[in-house]
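Visitor: Under numbering that gives the first Met the number 0, the first residue of the sequence shown is numbered 0, with each subsequent residue one higher. Glycine included, C-beta positions come from ideal geometry on N, C-alpha and C. Everything numeric in this text was worked out from a predicted model, so none of it was measured.
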Amino acid sequence: MTDTNPESPTQDLPFNLNPLEITDPAEIQKAREECHEQLNKRYQSVLKSLLGGGYLNYEDDQFILEVCKDRAHPELREIAVDESQTLKARRGAAMGLLYLGDNFGLKIISQLLDLQTPEEKSSTLLVLHLHGWLVDFSEPNFRKKLLEILSEENRKVPHWAVDLCPFYTPPKEQLDGRQYYGIPGTEEKLTEILESGEPGELNEILNNLLKIASTARANRAIFHYCYDIRSGTFRHGLSDAVWHLAKLTDPELSEPIQRSIFDLVFSDQTPQIDRQLASRLADISNPKTIHLLEQLLVKRMEPGARSNLLRGIGNINPKKAIDLVIEYLKKEPFSFYRTMIYQLAEESDFERLLPYLKEELERARHQGAPEIELINFCIDKLGAQGREFIDQCLDDPQDYGTFEYWTVRQHDFFRFTEELYQAGILQTSPQNLLPTIMENIRRRKTRNYNGEEAYGGDRFDPSEAYSFRDAMYCEKTYYESLFPDDEFAEHNFLIYKLANHSRGKLKIEACAEEWNPVDHEEIKYVSTIKLVSLGKLYQVQTRNAEGPYTGTVFDLDPVIDLLNLVLEREGHQERFIDLGLSDYAFGIVFADPEKFVPLARKYKISLWKDTLKAMEERYRELREEKE
């Protein structure tokens with residue numbers, strides 16, 4: 000074995016964190032066989048999971064199919080159409096095709112639904128439901144089949160079908176930008192079923208109709224299902240359907256609902272108003288209900304609820320709401336009213352809010368991070384005074400990270416992307432980048448398993464993955480509670496993923512990783528990574544994470560050093576550059592350092608090596624203070 004990296008081995012450690020190249024032909028062939036054997040073992044495990052149940056639990060399992068796509072795709076197609084296979088195996092193969100982006104899988108599932116028992120149908124629809132965001136529901140026969148299933152007498156079958164029918168709609172089929180629209184005819188079918196059913200038996204139908212209800216007929220069906228107009232009472236309490244009706248513009252449906260809601264809230268049945276109830280009441284605010292919201296301010300309520308009531312008043316009369324808030328700030332924390340202030344306050348309110356803004360910024364500074372929303376609010380809503388206040392209060396905006404620096408200094412994100420594009424780091428021009436970014440932001444909001452918004456937020460950090468899009472890989476890290484004790488990070492699959500972002504520069508033939516225990520005071524396990532590229536073998540070792548994390552957190556530095564050694568030996572100028580995003584995520588840019596690093600410095604993009612140096616310097620200062 001020959002070590003051609005002069006910096007290795009790592010001194011005084013029972014493992015080698017510096018990458019090396021191995022030139023022994025026997026070692027190279029042995030590593031190649033080990034890599035293929037390990038990958039085949041994982042592929043067989045993934046295939047077994049698919050054919051046995053039809054779904055995959057982890058993204059890495061899904062990625063295995065991508066890595067083995069040339070083998071997996073024809074194999075899954077063959078199983079899916081093979082009538083000698085079990086229906087469960089064919090369904091699993093069809094789901095595998097959907098994971099690979101082949102909608103032929105949905106055509107197979109449509110055929111299988113005709114052959115399955117009610118229990119099998121229910122199971123198939125559940126599998127689709129769990130991973131519905133992977134599916135393009137445009138296959139005509141499948142759409143028709145789902146609508147037919149809604150009417151089946153065995154209620155176990157329609158249970159999951161009713162969730163799929165109004166599912167997330169591809170952008171080209173959306174109406175007025177609505178993410179929920181679903182299969183044509185869904186609203187009419189759900190309305191028909193709700194009209195004919197007995198109250199209390201059709202909650203699934205109701206909940207899904209709420210997502211897409213747009214016609215007067217649908218809303219009337221919801222009204223009669225939820226509300227007894229003779230007694231003025233709700234059949235199912237203050238359900239989501241009731242609040243939906245209360246916000247309608249049709250007064251015949253909304254006004255009796257609103258009257259009944261406020262009668263209930265003012266009654267002894269609701270002695271205390273919680274935050275959610277207050278938020279719902281704010282959502283239905285209008286000129287006819289604003290005086291009722293004012294009366295409720297004197298009732299007992301949990302912290303934060305009053306802010307929501309004030310938001311409802313502010314929807315109709317912003318000035319009155321802000322006047323009330325400033326009075327409450329004299330005796331209650333700013334945090335209770337933060338969101339409402341950020342929404343409603345104007346430049347003319349700056350002087351009155353200034354003492355509280357200073358307190359809030361100081362509180363945030365004590366916690367080690369600036370108040371992002373406050374900075375945005377001062378800059379966006381409080382004019383020149385607000386910008387001057389932020390500029391004076393932040394000693395050095397560079398210390399607060401990328402997002403805050405850009406916000407305070409008002410850098411133009413698209414000027415930055417133009418420079419990246421001109422440097423050849425981005426392959427997509429800024430003119431074409433914005434629609435992609437906004438599409439990814441929207442898809443991030445709807446990526447949950449049932450099509451609901453998983454998380455929101457309209458702003459984006461310039462350092463996040465969807466901003467760099469074709470030049471960057473980004474991933475979250477994980478806490479210990481999410482994984483069994485014997486789970487370890489799979490750096491080999493991270494390497495495959497990063498290679499996908501090298502624009503074809505890295506052509507990894509094989510990569511394998513093996514974890515083993517090690518005798519060390521702090522490090523319990525060490526992995527050995529072997530990578531074969533262009534007939535050469537490279538190797539490095541990584542550690543399991545320390546402290547509150549498990550080994551499922553990546554040990555990035557050795558991985559990045561390994562890939563960069565490969566790039567260097569193969570004559571490429573580009574390198575993988577680790578960004579210092581946060582404790583919970585990492586981002587890696589593939590670029591020529593001579594082109595990217597100056598731009599990162601200019602726009603204050605945080606680099607991990609800079610962050611590491613700053614941390615080491617801070618630890619050194621603390622040690623000196625103690626001594």
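Buried or exposed, going by whether 16 or more other CB atoms sit within 10 Å of the CB of G231?
Guide: Residue mapping note: residue 231 aligns to position 232 of the sequence shown, counting from 1. Exposed, by the Cβ-count rule.
Visitor: Using C-beta distances below 7 Å, list every residue in its chain close to S480, excluding the 5 sequence neighbours before and after it, in chain order.
Guide: Counted from its first residue, the sequence shown places residue 480 at position 481. Confidence at S480 is low in this model, with a pLDDT of 33, below 50, so its placement is unreliable and the value that follows should be read with caution. Around S480: no qualifying Cβ.
Visitor: Would a check of beta-carbon distances place L328 closer than 8 Å to chain D?
Guide: No chain D appears in this structure, which consists of one protein chain only.
Visitor: Helix, strand or coil: which one does DSSP assign to T288?
Guide: Working through the sequence shown from its first residue, we reach residue 288 at position 289. Of the three classes helix, strand and coil, the one that applies to T288 here is coil, per DSSP.
Visitor: For S83, which residues from the same chain have a beta carbon less than 7 Å from its beta carbon, with the 5 sequence-adjacent residues on both sides left out?
Guide: Position 84 of the sequence shown, counted from the first residue, corresponds to residue 83. Answer for S83: no residue qualifies.
Visitor: In terms of alpha-carbon separation, which member of G303, S253 and P255 lies closest to A277?
Guide: The sequence position of residue 277 within the sequence shown is 278, counting from 1. Nearest option by C-alpha distance: G303.
Visitor: Does DSSP classify R441 as helix, strand or coil?
Guide: If you number the sequence shown from 1, residue 441 lands on position 442. In this predicted model, R441 has a pLDDT of only 48, less than 50, meaning its place in the structure is not dependable; the value taken from the coordinates is given anyway. Note: R441 maps to helix in three-state DSSP.
Visitor: Quick one: complete alpha helix (DSSP H) runs, 4+ long, within the region 487-525?
Guide: Those alpha helix (DSSP H) runs which fall completely within the region 487-525 and span 4+ residues are 490-498.
Visitor: Please classify R299 as buried or exposed, where buried requires at least 16 neighbouring CB atoms within 10 angstroms.
Guide: Numbered from 1 along the sequence shown, position 300 holds the residue referred to as residue 299. When all chains shown are included, R299 counts as exposed.
Visitor: Assuming the contact rule is C-beta atoms closer than 8 Å, E138 and S109 should be a hit. Round their C-beta distance to whole Å, please.
Guide: Here residue 138 refers to the residue found at position 139 of the sequence shown. Here residue 109 refers to the residue found at position 110 of the sequence shown. Right, their Cβ atoms sit about 6 Å apart.
Visitor: Within the continuous beta strand (DSSP E) that includes F575, where are the two ends?
Guide: Your numbering for residue 575 matches position 576 in the sequence shown. F575 -> beta strand (DSSP E) spans R574 to L578.
Visitor: Within a Cβ cutoff of 6 Å, which residues of the same chain sit near K608, ignoring the five residues on either side of it in sequence?
Guide: In the sequence shown, residue 608 corresponds to position 609, counting from 1. Answer for K608: no residue qualifies.
Visitor: Distance, Cα to Cα, R617 vs K625?
Guide: Locating residue 617 in the sequence shown gives position 618, counting from the first residue. Locating residue 625 in the sequence shown gives position 626, counting from the first residue. One C-alpha to the other measures close to 13 Å.
Visitor: Taking all protein chains shown into account, do 16 or more other C-beta atoms lie within 10 angstroms of the C-beta of T123, making it buried, or fewer, making it exposed?
Guide: Working through the sequence shown from its first residue, we reach residue 123 at position 124. Classification for T123: buried.
Visitor: How would you write the range of the alpha helix (DSSP H) that Y327 sits in, first residue to last?
Guide: Numbered from its first residue, the sequence shown carries residue 327 at position 328. Looking at the DSSP string, the run of the alpha helix (DSSP H) that includes Y327 is P317 to Y327.
Visitor: Nearest-angstrom Cα distance between S306 and E293?
Guide: Within the sequence shown, the letter at position 307 stands for residue 306. Within the sequence shown, the letter at position 294 stands for residue 293. If I take the Cα positions, the gap works out to 12 Å.
Visitor: For the alpha helix (DSSP H) that L208 lies in, which residues bound it at each end?
Guide: Your numbering for residue 208 matches position 209 in the sequence shown. Counting along the chain, the alpha helix (DSSP H) containing L208 begins and ends at N202 to I211.
Visitor: Can you check which of these residues, K143, E118 and E350, is closest to N153 by C-alpha distance?
Guide: Taking the sequence shown and counting its residues from 1, one reaches residue 153 at position 154. Among K143, E118 and E350, the Cα nearest to that of N153 is on E118.
Visitor: Along the chain, where does the beta strand (DSSP E) containing Y537 start, and where does it finish?
Guide: Start at 1 with the first residue of the sequence shown, and residue 537 comes out as number 538. Counting along the chain, the beta strand (DSSP E) containing Y537 begins and ends at K535 to R542.
Visitor: Specify the secondary structure class of L564 as computed by DSSP and reduced to three states.
Guide: Sequence index remark: in the sequence shown, residue 564 carries index 565 (1-based). In this structure, L564 counts as helix in the three-state DSSP scheme.
Visitor: Roughly how many whole angstroms lie between the Cα atoms of Q28 and R574?
Guide: The sequence position of residue 28 within the sequence shown is 29, counting from 1. The sequence position of residue 574 within the sequence shown is 575, counting from 1. Going from the Cα of Q28 to the Cα of R574 covers about 27 Å.
Visitor: With a 10 Å radius around its C-beta and 16 neighbouring C-beta atoms as the bar for buried, classify K40 as buried or exposed.
Guide: Sequence index remark: in the sequence shown, residue 40 carries index 41 (1-based). Label assigned to K40: exposed.
Visitor: Per the DSSP calculation, L530 is bridged to which residue(s)?
Guide: Counting from 1 along the sequence shown, the entry for residue 530 is found at position 531. In the DSSP output, where bridge partners are listed per residue, L530 has C510 and Y537.
Visitor: Report all residues from its chain with a CB closer than 7 Å to the CB of Q257; omit the five preceding and five following residues, and keep chain order.
Guide: Taking the sequence shown and counting its residues from 1, the one referred to as residue 257 is at position 258. Excluding positions up to five away in sequence, the list reads A245, I283 and T288.
Visitor: What does a CB cutoff of less than 6 Å around I221 pick up in its chain, not counting 5 residues either side in sequence?
Guide: Looking up residue 221 in the sequence shown gives position 222. Hits under 6 Å: A240.
Visitor: If I'm right that F335 touches Q384 with Cβ under 8 Å, what's the distance once you round it to whole angstroms?
Guide: Numbered from 1 along the sequence shown, position 336 holds the residue referred to as residue 335. Numbered from 1 along the sequence shown, position 385 holds the residue referred to as residue 384. Not confirmed; about 24 Å, so no contact.
Visitor: Between A488 and G51, what straight-line distance do the alpha-carbon atoms span, to the nearest angstrom?
Guide: Counting from one through the sequence shown, the residue named residue 488 turns up at place 489. Counting from one through the sequence shown, the residue named residue 51 turns up at place 52. Each residue's alpha carbon lies about 25 Å from the other.
Visitor: Any contact between the region 508-521 and the region 552-563? By contact I mean 3 or more CB pairs, one from each, below 8 Å.
Guide: No: fewer than three Cβ pairs fall under 8 Å.
Visitor: If you drop the 5 nearest sequence neighbours on each side, which residues of the same chain put their C-beta closer than 8 Å to that of L105?
Guide: Reading the sequence shown from its first residue, position 106 is the one you call residue 105. The residues are A93, L97, V134, D135, F136, E138 and F141.
Visitor: Taking the alpha-carbon positions, what's the E74 to K120 distance?
Guide: Within the sequence shown, numbered from 1, the residue matching residue 74 stands at position 75. Within the sequence shown, numbered from 1, the residue matching residue 120 stands at position 121. Between E74 and K120, the C-alpha separation is close to 24 Å.
Visitor: Please state whether the Cβ-Cβ distance between L86 and H128 is less than 8 Å.
Guide: Numbered from 1 along the sequence shown, position 87 holds the residue referred to as residue 86. Numbered from 1 along the sequence shown, position 129 holds the residue referred to as residue 128. Not closer than 8 Å, so no.
Visitor: How long is the line joining the alpha carbons of V161 and A217, rounded to whole angstroms?
Guide: Indexing the sequence shown from 1 puts residue 161 at position 162. Indexing the sequence shown from 1 puts residue 217 at position 218. In a straight line, the C-alpha of V161 is about 15 Å away from that of A217.
Visitor: With a threshold of 16 other CB atoms inside 10 Å of the CB of V297, please say whether the residue is buried or exposed.
Guide: The sequence position of residue 297 within the sequence shown is 298, counting from 1. With fewer than 16 Cβ atoms within 10 Å of its Cβ, V297 is classed as exposed.
Visitor: So, R31 versus V531, is the Cβ gap smaller than 8 Å?
Guide: Within the sequence shown, numbered from 1, the residue matching residue 31 stands at position 32. Within the sequence shown, numbered from 1, the residue matching residue 531 stands at position 532. Yes, Cβ-Cβ distance for R31 and V531 is below 8 Å.
Visitor: For A79, which of C67, V66 and G95 has the nearest alpha-carbon?
Guide: Looking up residue 79 in the sequence shown gives position 80. It is G95.
Visitor: Which residue from P557, E512, D560 and I522 puts its Cα closest to that of Q37?
Guide: Numbered from its first residue, the sequence shown carries residue 37 at position 38. Per the Cα distances, E512.
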